[in-house]
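Student: Heads up: the sequence shown begins at 250 in this note's numbering, then just goes up one per residue.
We put the CB at the ideal spot given by N, CA and C, even for glycine.
Can you keep this structure in mind? I'll have questions shortly.
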Amino acid sequence: MWGGLFFGFFLLAEQKKETRPSGRDPTYKLVSRSVSLFSTDQVESHPWRIAFWSLAGYLCCSAVWADESVLTLAAKGNAVVGAQLSESERCQECHGQDGISHDGKIPNHAGQHAAYLVKQLLAFRSGERRHDIMNRMAEELSDQDIADIAAYFAGQSRMRSEAGLVTPFAVALFSQGDQARGIQPCGKCHGEQGQGKIEQGVVYPRIGGQRRVYLRGQLAGWKLADRTNSPQAVMNDTARQLSDDEIDALADYIAGL
Ligand code: HEC
Ligand code: HEC
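See below:
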């Protein structure tokens, strides 16, 4: 919300910057008069214009982050159908019947947020997220298949992996971040136990209890921009700041949550 308002003021400031020099141009004046409703000239005397641009900024920001279509689709899932489909489509061969994967490189799905699984399957199907096997696996799935399979895995009791390894600097990064490098705490978005959440239409995945090798792979992927589908590149910005040792230590810690 505050980010949106701030962005609104930012838009406002940018508009003012742009309008000032061109204000002398007669063509501009004509245009500007005809769109005076949205003009930011004399904004000081029109507080409602501030409100307009702030609202525009808020709506714009939340529209970029929130993905209501994913939530709507996830709500249509049928877990009973998903149980059968995930077997016939061979998902269980790798991700496990109980949502606990058969290999460290393959993510667990047990207790993952359905909307997150839906979002990723849509991204694999469209090619927005690249992975040879998963792009092929998602190719033939309909929207309803995706919702059903996601509902099946989401309904299982939460994922647990190998025992974690707790290093003080990983714990500090997770719960406090590092202000000097602009790293926000992982727990702020993913929850104190890495349980994830859905807030204002944005899906933050469960990462606690996820496979350590997979976690390490994804953090490296965000860092190298092999994976780029997080809202406004938030995970690329975060991971770029992390050293390889920090990525290892975070993956070890989060796997055990
Ligand atoms: C041969 C093994 C294999 C099969 C079969 C398979 N997957 Fe995957 N899946 C993977 C691997 C490996 C990844 C990790 C991709 C990466 O590293 O980006 C993955 C990733 C995923 C993700 C992303 C999870 C996350 O936490 O971001 C979803 C969702 C998923 N698979 C669903 C499915 C579904 C649904 C099916 C069946 C239609 C399926 N998978 C079949 C191996 C498999
Ligand atoms: C500002 C919010 C935010 C912060 C801070 C944040 N994340 Fe994320 N993270 C996200 C979102 C949103 C996604 C989902 C991206 C998508 O939709 O594909 C994500 C995805 C991930 C994934 C991929 C999970 C999967 O199953 O593939 C991992 C791993 C991850 N984050 C780890 C971290 C770690 C470690 C930190 C701290 C160093 C962190 N995140 C900080 C918002 C955040």
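Going straight from the alpha carbon of F255 to that of A400, what length do you get?
Tutor: Only weak support is given to the placement of F255: the predicted model assigns it a pLDDT of 45, under 50, and the question is left unresolved by the model.
Student: Got a sec, what are the start and stop residues for the beta strand (DSSP E) V452 sits in?
Tutor: Start and end: V451 to Y453.
Student: Considering Cα atoms alone, identify which of I355, F402 and L414 is closest to V367.
Tutor: Taking only the C-alpha atoms, the option nearest V367 is F402.
Student: Identify, in the order they occur along the chain, each residue of the same chain with its Cβ nearer than 6 Å to the Cβ of Q442, setting aside the five sequence neighbours on each side.
Tutor: G457 and L506.
Student: Identify, in the order they occur along the chain, each residue of the same chain with its Cβ nearer than 6 Å to the Cβ of M408, setting aside the five sequence neighbours on each side.
Tutor: The answer, listed in chain order, is N357, A359, G360 and G458.
Student: Out of Q369, L473 and Q449, which has the shortest C-alpha to C-alpha gap to E317?
Tutor: The residue with the shortest Cα to Cα distance from E317 is Q449.
Student: Between H362 and F373, is the Cβ-Cβ spacing less than 8 Å?
Tutor: Taking 8 Å as the Cβ cut-off, H362 and F373 do not qualify as a contacting pair.
Student: Taking all protein chains shown into account, do 16 or more other C-beta atoms lie within 10 angstroms of the C-beta of A323, making it buried, or fewer, making it exposed?
Tutor: Buried: at least 16 other Cβ atoms inside 10 Å.
Student: Can R455 and G353 be called in contact, C-beta distance under 8 Å?
Tutor: No; because the gap between Cβ atoms is not below 8 Å, this pair is not in contact.
Student: Is T289 helix, strand or coil when you go by DSSP?
Tutor: With a pLDDT of 42 at T289, under the threshold of 50, the predicted position of this residue should be treated as unreliable, though the coordinate-derived value follows. Three-state result, T289: coil.
Student: So is the beta-carbon of L464 under 7 Å away from any non-hydrogen atom of ligand 2?
Tutor: Flag set: Cβ of L464 near ligand 2.
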